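Notes follow the structure.
There are 2 protein chains.
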Amino acid sequence: MSNAKLKIIVDAMSGDNAPGEIVKGALSAAQEFGVDIVLVGQEDALQSCLRENGAVNAPYVSIQNATEIIDMHDDPSTATRRKGDSSMSVALRMLRDGEGDAAVSAGNTGALLTGATLIVKRIRGIRRAAFAPVLPNGGAGTLLIDGGASVECTPEYLLQFAFMGSFYAKQVMGCPQPRVGLLNNGSEESKGTELCRTSYALLRQAGDAGRINFIGNVEGNDVFSGAVDVVVTDGFTGNILLKTAEGMGAFFLQQIRRLLASQSTGASESGAALKQQLSGLRRAVDANEVGGTAFLGIRRPVIKAHGGADARAFRSSVKQAITFVNADVIQEIEENISYMRLHDPAADQTGE
Amino acid sequence: MSNAKLKIIVDAMSGDNAPGEIVKGALSAAQEFGVDIVLVGQEDALQSCLRENGAVNAPYVSIQNATEIIDMHDDPSTATRRKGDSSMSVALRMLRDGEGDAAVSAGNTGALLTGATLIVKRIRGIRRAAFAPVLPNGGAGTLLIDGGASVECTPEYLLQFAFMGSFYAKQVMGCPQPRVGLLNNGSEESKGTELCRTSYALLRQAGDAGRINFIGNVEGNDVFSGAVDVVVTDGFTGNILLKTAEGMGAFFLQQIRRLLASQSTGASESGAALKQQLSGLRRAVDANEVGGTAFLGIRRPVIKAHGGADARAFRSSVKQAITFVNADVIQEIEENISYMRLHDPAADQTGE
Numbered sequence: 001m002s003n004a005k006l007k008i009i010v011d012a013m014s015g016d017n018a019p020g021e022i023v024k025g026a027l028s029a030a031q032e033f034g035v036d037i038v039l040v041g042q043e044d045a046l047q048s049c050l051r052e053n054g055a056v057n058a059p060y061v062s063i064q065n066a067t068e069i070i071d072m073h074d075d076p077s078t079a080t081r082r083k084g085d086s087s088m089s090v091a092l093r094m095l096r097d098g099e100g101d102a103a104v105s106a107g108n109t110g111a112l113l114t115g116a117t118l119i120v121k122r123i124r125g126i127r128r129a130a131f132a133p134v135l136p137n138g139g140a141g142t143l144l145i146d147g148g149a150s151v152e153c154t155p156e157y158l159l160q161f162a163f164m165g166s167f168y169a170k171q172v173m174g175c176p177q178p179r180v181g182l183l184n185n186g187s188e189e190s191k192g193t194e195l196c197r198t199s200y201a202l203l204r205q206a207g208d209a210g211r212i213n214f215i216g217n218v219e220g221n222d223v224f225s226g227a228v229d230v231v232v233t234d235g236f237t238g239n240i241l242l243k244t245a246e247g248m249g250a251f252f253l254q255q256i257r258r259l260l261a262s263q264s265t266g267a268s269e270s271g272a273a274l275k276q277q278l279s280g281l282r283r284a285v286d287a288n289e290v291g292g293t294a295f296l297g298i299r300r301p302v303i304k305a306h307g308g309a310d311a312r313a314f315r316s317s318v319k320q321a322i323t324f325v326n327a328d329v330i331q332e333i334e335e336n337i338s339y340m341r342l343h344d345p346a347a348d349q350t351g352e
Numbered sequence: 353m354s355n356a357k358l359k360i361i362v363d364a365m366s367g368d369n370a371p372g373e374i375v376k377g378a379l380s381a382a383q384e385f386g387v388d389i390v391l392v393g394q395e396d397a398l399q400s401c402l403r404e405n406g407a408v409n410a411p412y413v414s415i416q417n418a419t420e421i422i423d424m425h426d427d428p429s430t431a432t433r434r435k436g437d438s439s440m441s442v443a444l445r446m447l448r449d450g451e452g453d454a455a456v457s458a459g460n461t462g463a464l465l466t467g468a469t470l471i472v473k474r475i476r477g478i479r480r481a482a483f484a485p486v487l488p489n490g491g492a493g494t495l496l497i498d499g500g501a502s503v504e505c506t507p508e509y510l511l512q513f514a515f516m517g518s519f520y521a522k523q524v525m526g527c528p529q530p531r532v533g534l535l536n537n538g539s540e541e542s543k544g545t546e547l548c549r550t551s552y553a554l555l556r557q558a559g560d561a562g563r564i565n566f567i568g569n570v571e572g573n574d575v576f577s578g579a580v581d582v583v584v585t586d587g588f589t590g591n592i593l594l595k596t597a598e599g600m601g602a603f604f605l606q607q608i609r610r611l612l613a614s615q616s617t618g619a620s621e622s623g624a625a626l627k628q629q630l631s632g633l634r635r636a637v638d639a640n641e642v643g644g645t646a647f648l649g650i651r652r653p654v655i656k657a658h659g660g661a662d663a664r665a666f667r668s669s670v671k672q673a674i675t676f677v678n679a680d681v682i683q684e685i686e687e688n689i690s691y692m693r694l695h696d697p698a699a700d701q702t703g704e
């Protein structure tokens with residue numbers, strides 16, 4: 001495997017179950033996928049985790065000491081600057097300096113995004129990085145971009161999200177000609193806000209030029225039906241969509257559990273089997289649980305694992321980081337950047 | 353019952369199952385709730401429906417002839433004007449002229465909203481009417497306002513939605529002190545778009561003055577958790593939320609059906625029972641199925657029934673219209689209109 005030389009940088013101190021589950025998940029990924037792991041965090045705590053897992057002298061794992069921890073109470077916009085020796089900040093600096101191929105963190109999403117932008121930096125020409133979760137659709141999933149990184153967007157940001165999402169879906173999700181849709185409140189071209197209408201025209205141009213496979217406007221329900229592979233929207237709307245899907249999924253599971261409980265007397269064994277399968281369904285529905293979420297537009301691969309990730313979920317996030325590294329997404333973005341810009345001199349001044 | 357004298361105007365020709373299921377549902381509501389019904393539509397077709405239901409000479413039902421039908425292909429913004437003798441247009445004119453207490457239609461949502469605004473008109477001082485569906489939360493439901501009527505909104509519109517939603521939740525949904533939340537991408541006051549931040553300040557003022565019970569920002573997942581009774585947002589975001597919830601619900605049911613099918617050999621009887629119960633769950637999840645959706649801000653009660661409503665669902669919509677009429681929502685909006693306006697002279701000029 002070409003993975004043999006890959007080194008994944010793991011922020012081992014962030015997330016609800018850090019460092020225990022993070023270390024356990026990272027170790028299992030290292031063994032299973034044949035990669036090296038650098039655990040970043042408080043050395044004593046990490047040594048103790050390695051001991052618990054019988055991996056003190058494992059050749060594929062090393063520790064990089066970092067004394068501080070960024071938690072959910074830290075202000076996302078200043079956290080990586082103010083806590084320069086946090087596990088997250090150190091991990092991102094290592095990624096910037098080429099001391100690993102990708103970084104994975106289960107920490108504060110906003111802090112990780114700000115840190116990635118400030119430390120690792122955006123790809124030249126990319127205006128905003130995007131948070132790109134995969135939502136369930138019964139198949140390979142639907143990529144939502146942006147899922148919440150940039151609240152206020154311009155049409156150019158959305159054009160860039162469309163290209164980046166399309167490249168990611170093709171190379172990481174294995175979707176040969178990703179169908180790209182613009183999230184709107186109806187399918188007609190004239191629908192939506194000013195942002196929607198202007199962005200529609202840009203995406204249509206890119207589609208007509210054969211650079212993306214733009215299928216037009218899509219609605220909230222299309223996300224889960226398999227009718228579209230990449231859904232483009234601003235980060236505000238994307239966050240509402242993501243949280244709504246999570247909330248609806250949780251509500252649904254609760255109702256089904258209640259339903260199963262109420263009839264458990266008649267069919268307790270099959271009820272128990274069903275309950276177990278429902279847990280699997282919950283995982284399928286909670287996009288963040290399965291693998292992690294990529295930040296797109298950053299110069300090197302950064303993956304956000306779910307804050308509540310256990311060892312299994314964190315292992316999946318490391319696996320996703322490996323797939324991301326092996327794909328040529330970032331290179332493809334760099335090579336196509338001229339098609340992703342509006343070439344407005346005023347906008348150039350405000351770029352990186 | 354004080355309902356004895358109420359007269360509900362029914363657009364009998366709109367909807368996927370018109371006129372058969374509409375007439376059947378309206379008749380069953382008339383008998384069950386003791387109200388009079390006017391069926392608006394093509395006289396021959398409606399007479400034939402009455403014959404089928406053995407209700408030709410029923411004292412509680414009358415027919416108002418209307419020759420045209422507005423369908424899903426008509427342009428919503430011009431439909432009621434261009435088809436002046438459509439069942440929808442005639443029903444709305446009857447409502448305006450006091451020939452009934454409420455109108456119920458399963459027709460084109462946009463056409464019904466435009467027609468209600470142009471024919472029945474908005475309450476004096478109300479800038480925009482809102483579409484206010486009820487979403488499932490395990491209890492009395494969460495009112496979403498606006499669910500898609502006004503795509504581009506000002507803070508004043510959102511302030512008005514908050515008041516109208518609060519009055520409706522209190523009087524129609526039986527929620528004594530409705531918790532009103534502003535939909536946002538996080539709970540902090542500083543979150544969201546410019547529209548969110550300005551609206552937050554207005555809602556906070558109204559809350560501090562004791563006029564609404566404002567609980568601050570809420571997120572997409574809070575809608576289904578029972579943590580909030582009225583969720584205020586612009587119509588674009590509201591539409592995305594509504595469609596996402598529908599899509600996620602449909603996806604979930606499909607997955608569960610698959611799961612049940614795969615284990616049906618072992619527990620087929622209990623599986624069959626479960627399948628039946630799942631249909632009930634689907635109804636609970638599809639907000640539009642249970643009752644109808646109120647248009648708030650219009651001078652008289654207009655209820656939108658689901659386009660796919662069968663007799664049972666249409667009957668529920670008529671029931672909801674009756675509850676709406678018996679509540680003092682419209683009067684309460686009129687009495688509080690001075691607290692719902694920004695008193696900006698420029699805005700006054702663009703008002704109704």
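Residue numbers (this note's numbering), protein chains in the order written: chain A, 1 to 352; chain B, 353 to 704. Note that CB positions come from ideal geometry on N, CA and C, so glycine has one too. Bear in mind that the values here come from a model prediction, so they are computed numbers and not experimental data.
Residue i vs residue j beta-carbon contact at 7 Å
| i | j | result |
| --- | --- | --- |
| B:S649 | B:R474 | Correcting the residue type first, residue 649 of chain B is Gly in the shown sequence and not Ser. Yes; because the gap between Cβ atoms is below 7 Å, this pair is in contact. |
| A:A327 | A:I303 | no |
| A:V90 | A:A66 | yes |
| A:S187 | A:P155 | no |
| A:D75 | A:V40 | no |
| B:V681 | B:A381 | no |
| B:V584 | B:L495 | no |
| B:A463 | B:A431 | yes |
| B:I361 | B:M440 | no |
Which residues DSSP lists as bridging residue i, in chain order
| i | result |
| --- | --- |
| B:S414 | B:V390 |
| A:D11 | A:V40 and A:S105 |
| B:E420 | B:S438 |
| B:N565 | B:R531 |
| B:I655 | B:V456 and B:A646 |
| B:T494 | B:L487 |
| B:A482 | B:L648 |
| B:R474 | B:I650 |
| B:V570 | B:L535 |
For residue i, the first and last residue of its enclosing alpha helix (DSSP H)
| i | result |
| --- | --- |
| B:V580 | Neither: B:V580 is in no alpha helix (DSSP H) and is coded neither H nor E. |
| B:P597 | It should be pointed out that residue 597 of chain B corresponds to Ala in this sequence rather than to Pro. Start and end: G587 to S614. |
| B:G499 | Element bounds for B:G499: n/a, residue is neither H nor E. |
| B:K376 | G372 to F385 |
| A:V318 | A311 to N326 |
Selection from the options that minimises the alpha carbon distance to residue i
| i | options | result |
| --- | --- | --- |
| A:Q205 | A:V180, A:G192, A:V223 and A:R96 | A:V180 |
| B:D368 | B:T675, B:H658, B:K671 and B:K595 | B:H658 |
| B:E395 | B:E384, B:D388 and B:E420 | B:E420 |
| A:C355 | A:S48, A:A18 and A:G238 | Outside the displayed span of chain A (1 to 352) sits residue 355 of chain A, for which this structure offers no information. |
| A:V104 | A:L342, A:H343, A:F314 and A:I333 | A:F314 |
| A:E99 | A:S62, A:P133 and A:R82 | A:S62 |
| A:P136 | A:Q254, A:S225 and A:A209 | A:S225 |
| A:D97 | A:P301, A:G125 and A:S316 | A:P301 |
| A:R341 | A:F33, A:V172 and A:F163 | A:F163 |
| A:K24 | A:V56, A:I212, A:G192 and A:L6 | A:V56 |
Minimum Cβ-Cβ distance from residue i to chain A less than 7 Å
| i | result |
| --- | --- |
| B:D363 | no |
| B:N369 | no |
| B:A431 | no |
| B:T589 | yes |
| B:Y691 | no |
| B:L547 | no |
Cβ of residue i within 7 Å of any chain B Cβ
| i | result |
| --- | --- |
| A:V61 | no |
| A:L113 | no |
| A:V223 | yes |
| A:L342 | no |
| A:S14 | no |
| A:M72 | no |
| A:T265 | In this predicted model, A:T265 has a pLDDT of only 47, less than 50, meaning its place in the structure is not dependable; the value taken from the coordinates is given anyway. Chain B, which has no Cβ nearer than 7 Å to the Cβ of A:T265, makes this no. |
| A:N185 | yes |
| A:I240 | yes |
| A:T244 | yes |
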